[in-house]
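A short worksheet on the structure shown next.
Residue numbers (the working numbering): 1 to 518.
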């Protein structure tokens, strides 16, 4: 291919990036642009990612911190052929003003390419909310205008596939209770290619379902992940979602049986660091026509006793039963006290097509370890009784099991896990005939004894099961997007560390040589 036939990088984009570079970086930027122009092919320009992030969410906000957002949006509005190439948009910024302040406006106006679009949105906002003197850049607060610029950018990308954003937070945004703005037909069409959405809230914002409802109605959307959303505490919506669990389940099952129940094409739903009520979780589960993957993680402060609120994980699993024919992967990360009811283990058997189950070790050990008893010995009646309880709650369709979480050394939970549960998982094929892989990710001061791991590994090899151990010390938060390390992950919440980068895999096969040397 002749160099002349290669497309050049847009000069406006190079100038915009160069204006924000430190002087030592300018030479590298110029060299990189020349090299790209020399070796690039047209394919490169069909996949453009825009990533705008603040260095620190808690940093002091600067007056022009959103200038890159404005300039890139103006560029793409002027160059629709370039906007059509953008596939991935990440917006994690320091929004200029809080929602409760009216100070500050764009008295000097915006970039010419932005004014018409933003003013049109302000006028629609005024009509929707019956407010006055808002449809002017000189009378509207900066936070409102900035949010509409972000909305304008999102809606100007007709082929957008991945959207990772925090701009629809409580302080405003297209779909929040503060700046609700229904999409018109053309705007909905521009979002029709979006397949994956990560909706992030670092500030523990209260969820307004109009924030996420629009993504459940997009025809191509398959994955939705929500991070850091709190349950509704007040207002009309709180009455809607303050019902008894039995009533919520009955309404969900009755609604799913109805032909008029609204359903979505979303197949992968994750709710992370959440304090949503059971009714709110059921609402999202029920919106999906056929869930293939579901992940749920409590917020660390979920069980702090506020409002006397708690979540029964039995009911969450029961609600997932409406997707029993399609659900293949399930991830639950609950804290102790939520995963057992009256000493009984969570029962996953109703999820008859489940292939991958990722749960905390508490799900299989807490209720068992609560019983009084002596040390668990290999082959003892105590061990047999514990295993009988475990195997009756796991679905026979399971092909992969991941156990994760903190385990204190030399406690009854520790003995239940390594003496009663793991050996039988790899030895008793009658319980889980399809099982092919077990992953153990535990947090403890010291790794399990080498001889114990080696014995379990030998059992696993005989049964054709791949067994992997991961060990780390101190709390490590797991990646936000993706049920496991082998699931596609393109975005990580700020200040969260990837479990794979902090976890050491134990080489069990190498332990045999160490034991012989000793």
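By construction, the Cβ of each residue, glycine as well, lies at the ideal position given by its N, Cα and C atoms.
Asked                                                                                                                                                                    : Found
Between the beta-carbon of residue 465 and the beta-carbon of residue 435, is there less than 8 Å?                                                                       : yes
Determine the direct distance from the alpha carbon of residue 419 to that of residue 394, and round the result to whole angstroms.                                      : 18 Å
Name the DSSP bridge partner or partners of residue 164?                                                                                                                 : 90 and 198
Is it true that the region 400-407 meets the region 452-459, where meeting means three or more beta-carbon pairs spaced less than 8 Å apart?                             : no
From 227, 314 and 267, pick the residue whose C-alpha is nearest to that of residue 276; which is it?                                                                    : 227
Quick check for students: name the residue ranges of the alpha helix (DSSP H) that lie wholly in the region 379-412, counting only runs of 4 or more.                    : 381-391
Expressed to the nearest angstrom, what Euclidean distance is found between the alpha-carbon atoms of residue 284 and residue 345?                                       : 25 Å
Using a Cβ-Cβ cut-off of 6 Å (strictly less than) and excluding sequence neighbours within five positions of residue 365, which residues of its own chain qualify?       : 413, 416 and 417
How long is the line joining the alpha carbons of residue 176 and residue 429, rounded to whole angstroms?                                                               : In this prediction, residue 176 scores a pLDDT of 37, lower than 50, which makes its location untrustworthy; the coordinate-derived value is nonetheless stated afterwards. Approximately 51 Å between the Cα atoms of the pair.
DSSP three-state call for residue 112: helix, strand or coil?                                                                                                            : helix
Can you check the region 246-285 for any beta strand (DSSP E) of at least 3 residues that lies completely inside it and give the ranges in chain order?                  : 268-274
For residue 294 and residue 245, which I take to be in contact (beta-carbon distance under 8 Å), what is that distance rounded to the nearest angstrom?                  : Rounded, the Cβ-Cβ distance is 18 Å, inconsistent with contact.
Could you check the C-alpha separation between residue 112 and residue 122 for me, to the nearest Å?                                                                     : 16 Å
Which same chain residues end up closer than 6 Å to residue 197 when comparing Cβ atoms and leaving out the 5 residues on each side of it in sequence?                   : 163, 215 and 224
I'd like to check one pair, residue 76 with residue 153: are the Cβ atoms closer than 8 Å?                                                                               : yes
Whole-angstrom Cβ separation of residue 291 and residue 325, contact assumed at under 8 Å?                                                                               : Going by Cβ atoms, the distance from residue 291 to residue 325 rounds to 10 Å, so no, they are not a contact pair.
Tell me which same chain residues have a C-beta within less than 6 Å of the C-beta of residue 79, skipping the five on either side of it?                                : none
Quick one: what's residue 228 bridged to in DSSP?                                                                                                                        : Note: residue 228 sits in no beta bridge, so no partner.
Since residue 150 contacts residue 91 with CB under 8 Å, what's their CB separation in whole angstroms?                                                                  : 6 Å
Can you tell me which residues form a DSSP beta bridge with residue 442?                                                                                                 : 405 and 471
Would you tell me roughly how many angstroms separate the C-alpha atoms of residue 333 and residue 407, rounded to the nearest one?                                      : 14 Å
For a test of the three-state rule: what should DSSP assign to residue 363, helix, strand or coil?                                                                       : helix
Taking all protein chains shown into account, decide if residue 358 is buried (16 or more other Cβ within 10 angstroms of its Cβ) or exposed.                            : buried
Using the C-alpha atoms, what's the distance from residue 348 back to residue 389?                                                                                       : 12 Å
Counting C-beta neighbours from all protein chains within 10 Å, is the total for residue 445 16 or more, i.e. buried, or is it exposed?                                  : exposed
Please list, in chain order, all residues of the same chain as residue 115 whose beta carbon is under 8 Å from its beta carbon, the five residues on each side excluded. : 109 and 137
Taking C-beta to C-beta, are residue 288 and residue 248 nearer than 8 Å?                                                                                                : no
Rounded to whole angstroms, what is the Cα-Cα separation between residue 171 and residue 462?                                                                            : In this prediction, residue 171 has a pLDDT of 35, which is less than 50 and means its spatial position is unreliable; what the coordinates show is noted afterwards. If you take the alpha carbons of residue 171 and residue 462, they lie about 58 Å apart.
Which of helix, strand or coil does DSSP assign to residue 147?                                                                                                          : helix
Let's test the definition: count the other Cβ atoms within 10 Å of the Cβ of residue 192 and tell me whether it reaches 16, buried, or not, exposed.                     : exposed
Helix, strand or coil: how does DSSP classify residue 81 here?                                                                                                           : helix
Have a look at residue 356 and residue 67 and give me their C-alpha separation to the nearest angstrom.                                                                  : 45 Å
Using the three-state DSSP reduction, which class does residue 429 fall into: helix, strand or coil?                                                                     : coil
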